[in-house]
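For reference, the structure is listed below as structure tokens.
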Amino acid sequence: MSTVRLTMAQALVRYLAAQRIESEGQETPLFAGVFAIFGHGNVAGLGEALYHVRDALPTLRAHNEQTMTHAAIAFAKAHGRRRMMAATSSIGPGATNMVTAAALAHANRLPVLLLPGDTFATREPDPVLQQVEHFGDPTTTVNDCFRPVSRYFDRITRPEQLLTSLPQAIATLLDPEHCGPATLALPQDVQTFAYDYPEAFFAPRVHRVRRPQPDPRELDAAIAALAGAERPLIIAGGGVHYADACTRLADFARTRGVPVAETQAGKGALPEVHPCAVGAIGVTGSEAANRLAEQADVILAVGTRLQDFTTGSRALFERDDLTLVALNVGRFDSLKHRALPLTGDALDSLTALDVGLAEWRAGDAWRERAGSLKRDWAEVVTRATADDGRDLPTDAQVIGAVNRQAGEDGTVVCAAGGLPGELHKLWQCAVPGSYHVEYGYSCMGYEIAGGLGVKMARPEREVFVMVGDGSYLMHNSELATSVMLGHKLVVVVLDNRGFGCINRLQQATGGAGFNNLLADCRSVPEGAPKTDFAAHARALGCLAENVRGIAELEQALARARQANGTYVIALDTDPLPSTAEGGAWWDVAVPEISEREQVSQAYAGYSKAKQRQQR
1 MSTVRLTMAQ
11 ALVRYLAAQR
21 IESEGQETPL
31 FAGVFAIFGH
41 GNVAGLGEAL
51 YHVRDALPTL
61 RAHNEQTMTH
71 AAIAFAKAHG
81 RRRMMAATSS
91 IGPGATNMVT
101 AAALAHANRL
111 PVLLLPGDTF
121 ATREPDPVLQ
131 QVEHFGDPTT
141 TVNDCFRPVS
151 RYFDRITRPE
161 QLLTSLPQAI
171 ATLLDPEHCG
181 PATLALPQDV
191 QTFAYDYPEA
201 FFAPRVHRVR
211 RPQPDPRELD
221 AAIAALAGAE
231 RPLIIAGGGV
241 HYADACTRLA
251 DFARTRGVPV
261 AETQAGKGAL
271 PEVHPCAVGA
281 IGVTGSEAAN
291 RLAEQADVIL
301 AVGTRLQDFT
311 TGSRALFERD
321 DLTLVALNVG
331 RFDSLKHRAL
341 PLTGDALDSL
351 TALDVGLAEW
361 RAGDAWRERA
371 GSLKRDWAEV
381 VTRATADDGR
391 DLPTDAQVIG
401 AVNRQAGEDG
411 TVVCAAGGLP
421 GELHKLWQCA
431 VPGSYHVEYG
441 YSCMGYEIAG
451 GLGVKMARPE
461 REVFVMVGDG
471 SYLMHNSELA
481 TSVMLGHKLV
491 VVVLDNRGFG
501 CINRLQQATG
511 GAGFNNLLAD
521 CRSVPEGAPK
531 TDFAAHARAL
541 GCLAENVRGI
551 AELEQALARA
561 RQANGTYVIA
571 LDTDPLPSTA
581 EGGAWWDVAV
591 PEISEREQVS
601 QAYAGYSKAK
611 QRQQR
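Numbered by the UniProt record's numbering, the letters in the sequence shown go through residues 1 to 615 in order.
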């Protein structure tokens with residue numbers, strides 16, 4: 001057996017560069033590159049190794065370890081989990097910065113390879129700079145924080161461990177059921193240790209994502225349930241996108257006359273013009289989808305983990321006479337809510353369902369009911385997103401302006417706060433891939449970095465990032481990265497002077513306005529300063545302007561579309577209004593005892609709503 005002597009770090013990057021993925025008959029590198037911020041824990045070992053493969057495996061310098069990992073995660077999501085990136089940091093704060101991003105990837109089942117540096121395996125210089133000492137367990141380092149937020153974790157304490165650990169990490173990243181972050185903690189001394197690796201280990205390998213087939217008995221039970229339905233509803237989740245099943249679902253729904261509602265991750269599976277598309281479902285859902293969910297006799301949930309925003313905290317599907325069929329590639333998700341499980345790939349399982357249902361279609365009255373509700377909701381969307389000339393527009397009105405400018409080649413990117421709820425209700429998707437909102441972990445600061453990742457994955461699309469002032473101030477540094485790398489973003493900053501979404505939630509649960517809007521925060525007598533977001537963005541190298549009102553915003557968006565580089569538009573918005581129509585109850589615990597009468601009243605309403613919850 002021929003061997004080649006390499007350091008552990010050199011072997012690692014050579015292996016990553018050799019991995020390829022086949023998708024739709026095309027082979028491409030599995031890893032598009034490595035986001036890296038170097039420190040003493042990774043610069044001498046992994047950094048030197050990356051230098052020598054920089055053409056085959058590009059290294060990209062970012063400004064924050066959390067947000068560079070967000071960009072890597074967004075890249076993988078935009079590629080339907082078929083291509084991905086790695087992210088490396090030094091030990092210490094660089095590593096722990098990535099833990100939040102790892103949790104986001106874990107919650108959303110998205111692949112990213114995390115390569116944090118680690119303390120010396122030999123322990124000879126202990127405690128090394130940035131090392132956190134554990135008095136009772138010297139094997140513990142800050143990288144153990146990655147264990148609960150990784151689908152696969154290993155600490156490479158000998159260079160030959162790569163031979164078994166790397167293939168397992170790649171298998172996890174590509175597993176349709178267990179997909180999520182894989183973490184290889186790399187002690188800085190072990191990165192530099194050499195070993196005689198088999199040359200065959202570095203031979204190019206082409207990966208293909210598995211499509212697990214449904215169990216015949218589960219399939220028969222699902223077919224029987226649907227065949228007996230008069231009022232069926234489909235809920236499309238993110239798994240529809242990851243299985244490349246959007247077209248298959250659209251054809252299935254049209255042929256069978258079944259209305260389709262969408263989760264946050266599933267939104268865009270059907271374009272809004274599809275006759276069966278009835279919009280978002282759940283806490284931030286459309287009136288059409290939620291009324292149909294309340295009246296349906298069979299619900300087919302495809303590729304969704306049925307979290308609380310989808311189910312109205314288990315109160316939207318509360319009827320005992322409802323049959324829920326959960327089609328999911330993951331057994332963990334297909335067993336939720338006492339559902340009939342149908343565990344398998346969404347694309348192939350929908351095909352099998354279609355064959356087994358023969359001539360069955362939803363009832364005429366049900367299809368007419370769905371069409372009527374959809375038309376009514378379209379009027380709500382038009383009204384909510386229209387410009388009425390006010391100086392401080394609502395989030396909904398800003399969404400309408402961006403949606404009109406986005407067209408078919410635009411993708412909206414957003415994450416935390418009130419905007420995702422309004423986007424879920426109101427954004428009109430032209431095609432799959434036009435909607436990219438991170439709401440499984442609802443992580444502030446994802447927006448700009450996520451937009452960068454989407455643009456890297458889909459350079460042909462115009463990427464519109466919508467972000468509130470709170471998230472912008474939390475993480476904005478990857479604007480400079482987008483300028484440096486030449487990946488244009490159009491960023492719309494909605495300045496409502498604080499955390500407007502949580503302020504509304506605070507007051508809805510009976511609380512006083514406190515510590516959310518800047519006006520309600522402790523500050524100097526002059527109050528909190530007014531941030532000039534356009535000036536800040538220009539300082540980072542962006543084109544930028546401040547506008548007032550929707551008419552000026554639309555004009556600025558047209559200019560941004562014509563620009564060659566990242567363009568930031570900031571405008572003041574009203575922090576109080578949100579779209580009242582649609583939506584469902586959400587379980588947010590209210591204090592049982594309070595000195596405020598408003599809280600006591602909110603608790604009475606909360607207790608009543610809890611009675612509808614499934615136990």
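Idealized CB from N, CA, C, for every residue including glycine.
Candidates the options: closest to residue i by CA position
i	options	result
Ala560	Leu306, Arg205 and Gln405	Gln405
Ser594	Gly33, Phe514 and Thr509	Thr509
Ala339	Met444, Gly450, Glu218 and Gln295	Glu218
Asp196	Leu162, Pro29 and Thr140	Leu162
Gly100	Leu166, Arg147, Val380 and Ala378	Correcting the residue type first, residue 100 is Thr in the shown sequence and not Gly. For the residues Leu166, Arg147, Val380 and Ala378, the minimum Cα distance to Thr100 belongs to Arg147.
Asn503	Gly418, Ser523, Ala551 and Asn564	Gly418
Lys267	Val302, Leu292, Thr141 and Cys429	Cys429
Pro232	Asp189, Ala519 and Cys276	Cys276
Thr164	Glu262, His178 and Pro198	Pro198
Cys246	Asp348, Leu104 and Ile569	Asp348
Leu557	Asp144, Val465, Pro187 and Leu174	Val465
Inter-residue spacing [alpha-carbon to alpha-carbon] between residue i and residue j
i	j	result
Gln614	Asp391	44 Å
Ala362	Trp585	28 Å
Asn328	Arg83	21 Å
Ala457	Phe35	14 Å
Val53	Glu27	20 Å
Ala358	Met8	57 Å
Gly541	His79	28 Å
Ala49	His70	24 Å
Glu230	Arg497	49 Å
Gly513	Gly33	45 Å
Glu22	Val206	6 Å
Gly400	Thr579	13 Å
Gly180	Arg210	15 Å
Ala296	Val258	11 Å
Ser607	Val260	32 Å
Pro393	Asp572	8 Å
Phe38	Gly511	45 Å
Cys414	Gly237	17 Å
Gln562	Gly453	21 Å
Ser482	Ala56	21 Å
Val590	Glu597	12 Å
Ala288	Val278	6 Å
Ala352	Ser471	44 Å
Asp587	Ala44	50 Å
Gly285	Asp220	31 Å
Leu494	Leu576	13 Å
Lys455	Gln555	23 Å
Thr385	Tyr242	30 Å
Leu335	Thr304	12 Å
Sequence-distant residues of its chain with Cβ nearer than 7 Å to residue i (five each side left out)
i	result
Val128	Thr119 and Phe120
Gln168	Tyr152
Ser477	His63, Asn64 and Thr67
Thr59	Gly33, Val34, Ala36 and Leu50
Ala250	Leu270 and His274
Cβ shell of residue i (< 8 Å), same chain only, five flanking positions each side left out
i	result
His337	Leu306, Thr311, Arg314, Phe317, Leu324, Ala326 and Gln614
Asp126	Thr119, Phe120, Glu133 and Pro138
Asn516	Gly498, Phe499, Gly500, Ile502, Asn503 and Gln506
Same chain only: Cβ atoms within 6 Å of residue i, ignoring 5 sequence neighbours per side
i	result
Ala449	Thr67, His70, Ala71 and Glu478
Val380	Glu581
Gly439	Per the sequence shown, the amino acid found at residue 439 is Tyr instead of Gly. The residues are Gln264 and Pro420.
Identity of the residues DSSP links to residue i by a beta bridge
i	result
Arg155	Ala185
Thr255	Thr255 is not bridged to any residue.
Phe309	Its beta-bridge partners do not exist; DSSP assigns none.
Leu6	Tyr195
Cys414	Val437
Val260	Ile234 and Ala277
Ala326	Ala301 and Pro341
Asp144	BP columns for Asp144 are empty, so no partner.
Val206	Arg20
Gly117	Leu186
Short CB-CB distance (under 8 Å) between residue i and chain C
i	result
Leu163	Note that chain C does not occur in the displayed structure, where there is just one protein chain.
Report the start-end ranges of each beta strand (DSSP E) in the stretch 337 to 411 that is 3 residues or longer and not cut off at the edges. 340 to 343
Just list the alpha helix (DSSP H) runs in the stretch 544 to 572, keeping only unbroken ones of 4 residues or longer that don't cross its boundaries, in chain order. 549 to 562
Uninterrupted beta strand (DSSP E) stretches inside the stretch 455 to 534 (no shorter than 3 residues): 462 to 468 and 490 to 495
Complete alpha helix (DSSP H) runs within the stretch 30 to 111 (minimum length 4 residues, chain order): 48 to 52, 65 to 78 and 93 to 108
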